[in-house]
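>
Number of protein chains: 4
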Amino acid sequence: MDFSYDDRTLAMKNSLQSFLDDDIFPAEHILDEQLAATPDEWGTRPIVRDLQTTARERGLWNLFLTGEGGAGLTNLQYAPLAELTGWSMRLAPAATNCMAPDSGNIDLLQAYATEEQKWRWLAPLLDASIRSSFCMTEPDVASSDATQIATRIRREGDEYVISGRKWWATGAMNPEAELFIVMGKSDVDAPRHRQQSMVLVGRDTPGVTIVRPLTVFGYDDRDHGGHAEILFDDARVPASNLLGGEGEGFAMAQARLGPGRIHHCMRALGMAEHALALVRGRALGRETFGVRLADQGVIREWAAEARIQIESLRLLVLKTAWLMDTVGNRQAMTEIQAIKIAVPRAVQQILDHAVQVFGAAGLGPDHPLASLLAGARALRLADGPDEVHLAALGKAELKGKK
Amino acid sequence: MDFSYDDRTLAMKNSLQSFLDDDIFPAEHILDEQLAATPDEWGTRPIVRDLQTTARERGLWNLFLTGEGGAGLTNLQYAPLAELTGWSMRLAPAATNCMAPDSGNIDLLQAYATEEQKWRWLAPLLDASIRSSFCMTEPDVASSDATQIATRIRREGDEYVISGRKWWATGAMNPEAELFIVMGKSDVDAPRHRQQSMVLVGRDTPGVTIVRPLTVFGYDDRDHGGHAEILFDDARVPASNLLGGEGEGFAMAQARLGPGRIHHCMRALGMAEHALALVRGRALGRETFGVRLADQGVIREWAAEARIQIESLRLLVLKTAWLMDTVGNRQAMTEIQAIKIAVPRAVQQILDHAVQVFGAAGLGPDHPLASLLAGARALRLADGPDEVHLAALGKAELKGKK
Amino acid sequence: MDFSYDDRTLAMKNSLQSFLDDDIFPAEHILDEQLAATPDEWGTRPIVRDLQTTARERGLWNLFLTGEGGAGLTNLQYAPLAELTGWSMRLAPAATNCMAPDSGNIDLLQAYATEEQKWRWLAPLLDASIRSSFCMTEPDVASSDATQIATRIRREGDEYVISGRKWWATGAMNPEAELFIVMGKSDVDAPRHRQQSMVLVGRDTPGVTIVRPLTVFGYDDRDHGGHAEILFDDARVPASNLLGGEGEGFAMAQARLGPGRIHHCMRALGMAEHALALVRGRALGRETFGVRLADQGVIREWAAEARIQIESLRLLVLKTAWLMDTVGNRQAMTEIQAIKIAVPRAVQQILDHAVQVFGAAGLGPDHPLASLLAGARALRLADGPDEVHLAALGKAELKGKK
Amino acid sequence: MDFSYDDRTLAMKNSLQSFLDDDIFPAEHILDEQLAATPDEWGTRPIVRDLQTTARERGLWNLFLTGEGGAGLTNLQYAPLAELTGWSMRLAPAATNCMAPDSGNIDLLQAYATEEQKWRWLAPLLDASIRSSFCMTEPDVASSDATQIATRIRREGDEYVISGRKWWATGAMNPEAELFIVMGKSDVDAPRHRQQSMVLVGRDTPGVTIVRPLTVFGYDDRDHGGHAEILFDDARVPASNLLGGEGEGFAMAQARLGPGRIHHCMRALGMAEHALALVRGRALGRETFGVRLADQGVIREWAAEARIQIESLRLLVLKTAWLMDTVGNRQAMTEIQAIKIAVPRAVQQILDHAVQVFGAAGLGPDHPLASLLAGARALRLADGPDEVHLAALGKAELKGKK
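Chains as they are written, first to last, in full-length UniProt numbering: chain C, 1 to 402; chain F, 1 to 402; chain L, 1 to 402; chain U, 1 to 402.
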């Protein structure tokens with residue numbers, strides 16, 4: 001359980017830090033301008049393309065990808081890099097092609113896709129020439145309980161026919177999102193966790209309708225492809241578009257979510273550090289009633305609490321990464337649940353305090369705090385509400401499993 | 001300290017409830033349609049006008065106004081009505097002409113305006129033929145500390161010349177907002193709380209520029225006039241536009257804020273009751289892992305905690321209203337501070353739990369929860385961050401002042 | 001819902017305040033000396049007797065008793081008096097004969113006892129010539145669930161035979177506690193809430209063994225009769241010692257607990273005010289690192305939060321009392337549950353902060369804080385753990401029952 | 001930053017676990033009996049002596065001592081051992097001679113004592129043939145601010161004369177505590193942190209009076225020597241009893257407290273694990289209202305939260321130990337402050353929930369929970385109230401120091 005950074009990690013961390021300082025932070029206002037110039041478009045903005053080019057040149061590409069085709073880092077090595085990308089949530093993950101949900105989809109395809117599927121979808125994703133979305137959540141059922149999924153995937157001849165309604169398909173508003181990985185039930189009579197399958201559905205498949213974009217709080221998250229409601233009305237795909245085997249959908253989803261959760265947590269720590277840096281600047285530069293904010297007891301208390309939370313949770317994230325690297329995602333289940341619950345809410349609290357330090361400015365568009373707060377809040381529901389994980393973790397704990 | 005509803009209150013409460021059921025709730029989707037049809041406009045939508053007509057016919061107009069020209073209710077009588085309007089934050093306050101910031105501005109004008117000022121501004125505000133904004137917060141200073149205000153109001157001949165930058169001027173994006181009440185310093189050499197004055201500035205005054213709209217957690221709050229940044233660049237108004245006397249700005253602002261705070265709290269309780277009603281519906285209609293949400297321990301705990309908070313804080317709000325009615329706003333200072341701190345954060349917590357019960361749907365546009373949560377969060381900063389009030393309340397408590 | 005103090009309440013409140021100032025507070029060190037002089041005895045100390053004499057002379061006797069034989073106050077009238085007694089938990093309730101569990105036992109006897117039972121037990125209790133204990137909790141079952149009670153009360157001829165083990169029988173270590181009201185099952189085949197009965201058992205009944213005193217944290221609570229474990233080993237009492245009817249035990253217990261809970265809450269508010277007064281004195285008189293405690297942000301915040309909690313919860317207690325007076329204990333169930341949950345934990349938090357302000361002194365014997373904190377903590381379990389009440393309250397809320 | 005257990009640690013951990021299972025846990029009831037047999041004595045009980053003999057035989061002696069004379073472990077190696085001793089706070093630390101305050105005093109003496117002082121005091125402490133106490137806290141000043149210390153140490157010829165009043169001298173009620181290390185001011189005109197000195201004062205020194213024992217939430221903590229108030233009334237010791245140099249008292253105190261704090265935290269984690277194990281047993285064996293506690297949502301939530309807290313804070317404790325081992329106590333200041341704040345309060349919360357699961361039994365003498373809760377609560381004040389550390393940590397954070 002050695003959490004020290006090895007030489008390669010240190011080198012990449014320095015390189016990534018330079019990339020942030022030299023290219024990404026200065027690009028944020030360019031992104032704003034490009035978004036403002038074409039307010040109705042959902043596609044990837046030119047500045048992101050430019051940064052992607054630079055990232056590739058700097059060797060900062062597909063950092064999350066533990067196996068071939070990526071940077072080949074362990075989760076433990078990736079952790080500090082992912083955290084750094086959390087300092088610029090709008091640009092850094094996209095620039096390094098480490099952005100959800102594409103990163104999770106890439107993991108899935110690398111693990112389960114056929115050679116043909118890889119050629120068709122994985123290769124362009126690794127190259128960022130297309131984007132993708134993951135279609136799991138449904139409006140009409142509690143999707144944290146996969147047995148309730150209502151979307152149906154039925155075999156007809158050499159095709160699968162998909163019918164159902166999905167929403168919160170992140171990234172799907174981007175027209176470059178050519179691939180939808182759709183989870184549905186292929187056999188409702190099979191055992192509970194063998195009923196689900198996944199199919200690869202092209203954006204242009206007849207029967208696929210992008211119904212509308214959704215907002216998180218008031219944000220449409222246009223800068224990373226938004227969140228779509230999608231109707232699948234007897235959409236037909238070749239049988240060869242099945243991902244993995246029939247009935248393996250639940251297991252594949254579980255396998256996909258573990259890394260996804262830890263990546264969210266790593267980035268969230270970067271969000272928190274960023275917020276704390278902003279607070280520091282504000283608290284040193286403002287005063288109320290004759291006392292500098294940095295000298296006020298309550299604000300000092302908040303800063304101390306933030307530091308304590310970040311330090312302890314970062315270690316837990318690192319331990320989780322180390323467990324995933326050494327004993328596998330399944331054996332790291334308890335820790336993945338723990339960080340999935342603990343990190344987003346701690347970061348939400350840190351951001352909430354940061355907003356309070358910034359006053360009304362903290363609610364608005366001039367600082368990233370409100371947007372980050374909305375994102376951290378959403379993480380408490382992403383991949384299932386925290387309470388589902390708390391219940392599972394508590395159940396295991398009371399059985400004496402450890 | 002009798003909190004029972006008297007006959008008049010009960011009658012108006014029933015009347016308002018009918019108005020909500022018959023007219024306002026059904027109108028919400030019409031508002032959505034009208035907003036969608038003209039996405040770039042900031043003006044009052046036709047449906048609001050229609051509801052205002054109905055409200056007047058039903059005798060539900062200017063309910064907040066304790067003195068002449070309004071419904072003539074006490075704060076205690078108004079409390080349950082304001083709470084009811086919190087069930088439809090987008091329509092009910094506007095329909096009954098009880099919407100912030102106009103309600104506070106009307107209070108101010110009624111108390112301090114000259115006859116001419118009343119004729120020019122108060123009459124149309126009472127009639128809802130114009131709207132108004134209150135320009136206090138500034139981007140460059142901690143505006144909770146009124147002594148830091150940077151906007152200058154200088155006398156030149158028979159004019160006042162205003163220069164400064166204001167933001168979070170709620171309602172000001174609405175072109176019907178013809179009146180801006182601007183707080184600034186008219187004499188920086190006067191004692192700390194005698195430096196400030198207020199002037200009435202017409203929207204069309206040369207030198208007044210609406211710089212941009214602001215967002216609260218991504219929401220532009222277009223349905224009630226948004227929040228503007230406004231530049232006053234040597235804007236000139238006749239000397240007769242001074243509200244009250246020179247140097248009385250601070251005292252008038254304090255006087256304005258007391259009622260404003262309690263109105264926010266009353267409506268926030270309605271928001272919480274509304275959220276709880278939504279939770280009830282959801283919890284009875286959904287299940288996860290074979291157990292109905294309403295039968296799950298954690299959700300029951302949330303509902304119980306919400307009920308406890310609402311019941312105890314409603315009583316504190318009523319006591320505050322009763323004190324304002326009987327001994328005056330100044331003597332109710334402790335209680336006003338207490339509810340200003342306690343109600344928004346309790347309601348924020350109730351809404352946060354409600355979002356969690358709704359899952360991803362709670363974050364999005366199909367339910368009012370995310371929008372209400374953003375609004376409750378913003379209340380913790382409106383009229384000064386909670387911490388300023390906590391410090392003042394604690395200071396008084398430790399002096400033994402009760 | 002009028003919470004103003006009427007003339008009688010005001011007069012009694014003033015009278016009780018004088019009694020506290022003149023007699024009770026000065027008597028606290030005498031109690032300490034008398035306890036130190038006879039460390040192994042459990043009986044009522046002479047100073048308590050003296051104060052009881054004074055209380056009777058001052059007309060401050062049996063204040064809690066709403067019906068005949070007592071002061072004849074409503075719950076609403078009693079509330080501020082009970083709160084005042086919370087300023088001296090060791091002496092004031094005992095001095096005024098308003099001490100748990102005797103007060104609850106008196107209520108029970110007055111409602112359900114036969115004339116003979118009243119003559120034998122109620123009269124001396126009203127007179128404080130004896131004391132009593134209530135034997136409900138059992139070591140082997142979760143006693144919040146009355147259907148689990150293991151003590152058996154069986155009829156044999158004209159006797160009842162009681163066998164079972166009880167503990168946390170408050171007051172029972174005092175040899176003057178001549179009466180034990182014992183809850184047990186008389187018919188295990190009856191419907192769930194008709195199985196229980198109560199019998200009156202004299203301390204000297206053969207088969208009754210005081211097993212040992214218990215401690216709450218490290219306190220033996222010797223000053224009010226301690227808490228006993230009691231073994232009933234085929235203890236026989238005349239059939240006429242049945243209280244109420246067979247099978248009515250559960251209903252009687254419920255009836256007893258409502259007033260008991262609100263009395264606890266009223267006194268707890270007095271504990272909190274007392275703590276806050278102590279904090280005020282400490283904070284004004286000490287400094288650390290050059291800043292007076294009263295001027296430190298975190299301590300101001302605690303004081304403000306305490307004031308907010310006390311003000312809002314006091315109102316909820318008053319509303320509960322008013323409901324009990326006007327519509328009855330049953331109809332006040334939601335509110336009784338709410339205060340039972342909310343008041344002790346708020347007071348625990350206030351006391352916890354007060355201890356922190358006092359530093360190590362707050363943990364020890366020189367201030368009442370640690371002892372009060374232990375008492376407030378115990379209230380979260382008395383009459384059932386909070387979670388049982390939270391679950392019931394939440395269940396009702398989610399049914400839409402209001 | 002490698003937190004894996006090395007071979008030596010693993011071997012000692014196994015050995016210590018066997019000692020606990022074989023000897024210590026079975027001895028707890030013997031301690032109870034011995035305490036009950038001689039309720040008025042403060043000395044070390046025979047069973048502790050017996051266990052000490054066994055510990056020495058097993059090579060489990062002075063485990064905490066990093067340097068010569070002890071087990072020679074690093075802090076990182078000691079951490080899991082100290083945690084294990086937290087499973088039996090009454091016996092394990094004493095049995096292994098790792099008990100506060102002797103362990104801290106031993107550290108001090110080893111670092112600063114002269115050869116003669118070592119021979120006289122350190123040798124018997126290492127051997128457990130005497131015990132010791134640390135006299136820092138004073139009743140009349142906020143002792144977390146060392147500049148306020150009122151005790152005076154004045155040089156007269158070849159003697160130091162000590163006058164002052166100390167309390168919370170842990171262990172000092174034990175007559176075997178032959179050594180008091182007393183902190184006082186030797187030069188009030190020196191710079192703020194150079195005014196303090198420490199002297200070694202024998203228990204039998206004329207002028208030393210043990211005034212009284214103190215209680216922590218009613219516990220006299222007799223099993224580890226209690227907490228004494230001590231009066232030093234011109235107590236005279238030879239000048240050679242000065243520890244370190246004049247004016248070095250503050251620096252020595254700081255040096256002493258770092259390891260003391262981390263040891264408290266390590267043991268506190270063991271207390272939490274112990275509590276959780278007790279909860280597990282209770283939750284599996286009880287039911288209320290027909291549902292096993294282990295299947296109730298709220299209790300699962302508590303168990304999950306406990307696991308999350310323990311896992312994340314243990315890692316932070318290990319990191320702190322590793323920093324102390326590698327870069328020194330001074331460089332680990334931030335982390336020591338962080339765990340000092342975070343661990344006791346988390347453990348307090350875990351114990352509070354555990355008490356709630358146990359119901360009234362959790363408050364009493366049959367389970368260690370109430371006693372552990374009192375101990376954890378006291379830790380939030382030991383070595384200075386948390387708020388002092390929070391303020392310092394927050395101040396550093398807002399300076400950008402990291």
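C-beta: ideal position from N, C-alpha, C; glycine also.
The model shown is predicted, which means the values in this text are computed figures rather than measured ones.
Under 9 Å Cβ-Cβ, which residues of chain U neighbour Val-298 (chain F)?
Those within 9 Å of Val-298 (chain F) in chain U are Gly-297, Val-298, Arg-300 and Glu-301.
> In whole angstroms, what separates the C-alpha of Asp-352 (chain C) from that of Gly-359 (chain C)?
Using only the alpha carbons, I get a separation of about 11 Å.
> Nearest by alpha-carbon distance to Ser-240 (chain C): which of C:Gln-254, C:Thr-44, C:Leu-73 and C:Trp-121 is it?
Of C:Gln-254, C:Thr-44, C:Leu-73 and C:Trp-121, the residue nearest in Cα terms is C:Trp-121.
> Can you check whether the CB of Met-136 (chain U) is closer than 8 Å to the CB of Met-173 (chain U)?
Taking 8 Å as the Cβ cut-off, Met-173 (chain U) and Met-136 (chain U) do not qualify as a contacting pair.
> Along the segment 144 to 178 of chain L, where does the CB come closer than 7 Å to a CB of chain U? Name the residues.
Residues passing the 7 Å Cβ filter: Ser-144, Asp-145 and Trp-168.
> Would you say Pro-139 (chain F) reaches chain C, if we count a Cβ-Cβ gap shorter than 8 Å as a contact?
So yes, Pro-139 (chain F) belongs to the interface.
> Anything in chain L within Cβ reach of Ile-308 (chain F), meaning under 7 Å, just list it in chain order.
Chain L residues near Ile-308 (chain F): Ala-338, Ile-341 and Ala-342.
> Indicate whether the contact test is met: 3 or more Cβ pairs, each with one atom in the segment 245 to 255 of chain L and one in the segment 339 to 355 of chain L, closer than 8 Å.
Too few Cβ pairs lie closer than 8 Å, so no.
> May I ask you to report which of helix, strand or coil DSSP gives Asp-234 (chain L)?
Three-state DSSP puts Asp-234 (chain L) in a strand.
> For a cutoff of 8 Å on Cβ pairs, would you count Leu-242 (chain F) as touching chain C?
For Leu-242 (chain F), the answer is no, since every Cβ of chain C falls outside 8 Å of its Cβ.
> How big is the Cα-Cα spacing for Ser-379 (chain C) and Ala-283 (chain C)?
Reading the sequence as shown, one finds Leu at residue 379 (chain C) and not Ser. Cα-Cα distance, rounded: 28 Å.
> Please report whether the beta-carbon of Glu-248 (chain F) lies at a distance below 8 Å from any beta-carbon of chain C.
By this cut-off, Glu-248 (chain F) is not an interface position.
> Terminal residues of the continuous alpha helix (DSSP H) containing Arg-345 (chain C)?
Arg-345 (chain C) -> alpha helix (DSSP H) spans 333 to 358.
> Helix, strand or coil: which one does DSSP assign to Met-183 (chain U)?
If DSSP states are grouped into helix, strand and coil, Met-183 (chain U) belongs with the strands.
> Quick one: which chain C residues come within Cβ less than 8 Å of Gly-218 (chain F)?
Thr-215, Val-216, Phe-217, Gly-218, Tyr-219, Asp-220, Ala-370, Ser-371 and Ala-374, listed in chain order.
> Please go through the same chain and pick out, in chain order, the residues whose beta-carbon is closer than 6 Å to the beta-carbon of Pro-93 (chain U), but skip the five residues on each side of it.
Contacts found: Thr-85 and Met-99.
> Answer yes or no: do Glu-138 (chain C) and Gly-171 (chain C) have a C-beta to C-beta separation smaller than 8 Å?
Their beta carbons are not under 8 Å apart, which means Glu-138 (chain C) does not touch Gly-171 (chain C) by this criterion.
> Just to confirm before moving on: does the CB-CB distance between Val-211 (chain C) and Leu-363 (chain F) stay below 8 Å?
Against a cut-off of 8 Å, the Cβ pair of Leu-363 (chain F) and Val-211 (chain C) comes out as no contact.
> What residues of chain F sit near Pro-365 (chain C), judged by a beta carbon separation below 8 Å?
What Pro-365 (chain C) touches in chain F: Leu-214 and Thr-215.
> Which residues, in chain order, does the segment 377 to 390 of chain U contribute to contact with chain L at a C-beta distance below 9 Å?
Hits within the stretch, in order: Arg-377, Ala-378, Arg-380, Leu-381, Ala-382, Gly-384, Pro-385, Asp-386, Glu-387, Val-388 and Leu-390.
> Compile a chain-ordered list of the residues in the segment 270 to 292 of chain L whose CB is closer than 8 Å to at least one CB of chain U.
Listed by position along the chain: Arg-286, Glu-287, Thr-288 and Phe-289.
> State the Cα-Cα distance for the pair Ala-304 (chain U) and Val-279 (chain U), rounded to the nearest angstrom.
Cα-Cα distance, rounded: 12 Å.
> For the UniProt domain "Acyl-CoA oxidase/dehydrogenase middle" (133 to 234) of chain U, which segments carrying the beta strand (DSSP E) assignment without a break, of at least 3 residues, lie completely within its bounds, in sequence order?
If we require 3 residues or more, the beta strand (DSSP E) runs fully inside the UniProt domain "Acyl-CoA oxidase/dehydrogenase middle" (133 to 234) of chain U come out as 152 to 156, 159 to 170, 177 to 185, 196 to 202 and 208 to 214.
> Exposed or buried, what is Pro-238 (chain C) when buried is set at 16 or more other beta-carbons lying within 10 Å of its beta-carbon?
Answer is exposed; the Cβ neighbour count stays below 16.
> Quick one: measure Cβ to Cβ for Ile-299 (chain L) and Val-355 (chain L), integer angstroms, because I've assumed they're closer than 8 Å.
Contact flag wrong, Cβ pair sits at about 13 Å.
> Please look up how many angstroms separate the CB atoms of Ile-230 (chain C) and Lys-185 (chain C), rounded, as I've assumed it's under 8 Å.
Contact doesn't hold; Cβ gap of about 17 Å is too wide.
> For residue 485 (chain L), which option in L:Ala-228, L:Pro-39, L:Val-291 and L:Leu-91 has the closest C-alpha, if you only look at C-alpha atoms?
Absent from the structure is residue 485 (chain L), since the part of chain L shown begins at 1 and ends at 402.
> Looking at Ala-374 (chain U): is its Cβ nearer than 8 Å to the Cβ of Thr-334 (chain U)?
No, they are not a contact pair.
> Within 8 Å (strictly less), CB to CB, does Gln-349 (chain C) reach chain F?
No, Gln-349 (chain C) does not count as interfacial toward chain F.
> For chain L, find out if any of its Cβ atoms is closer than 8 Å to the Cβ of residue 407 (chain F); answer yes or no.
Because chain F is modelled from 1 through 402, residue 407 (chain F) falls outside the range shown and cannot be assessed.
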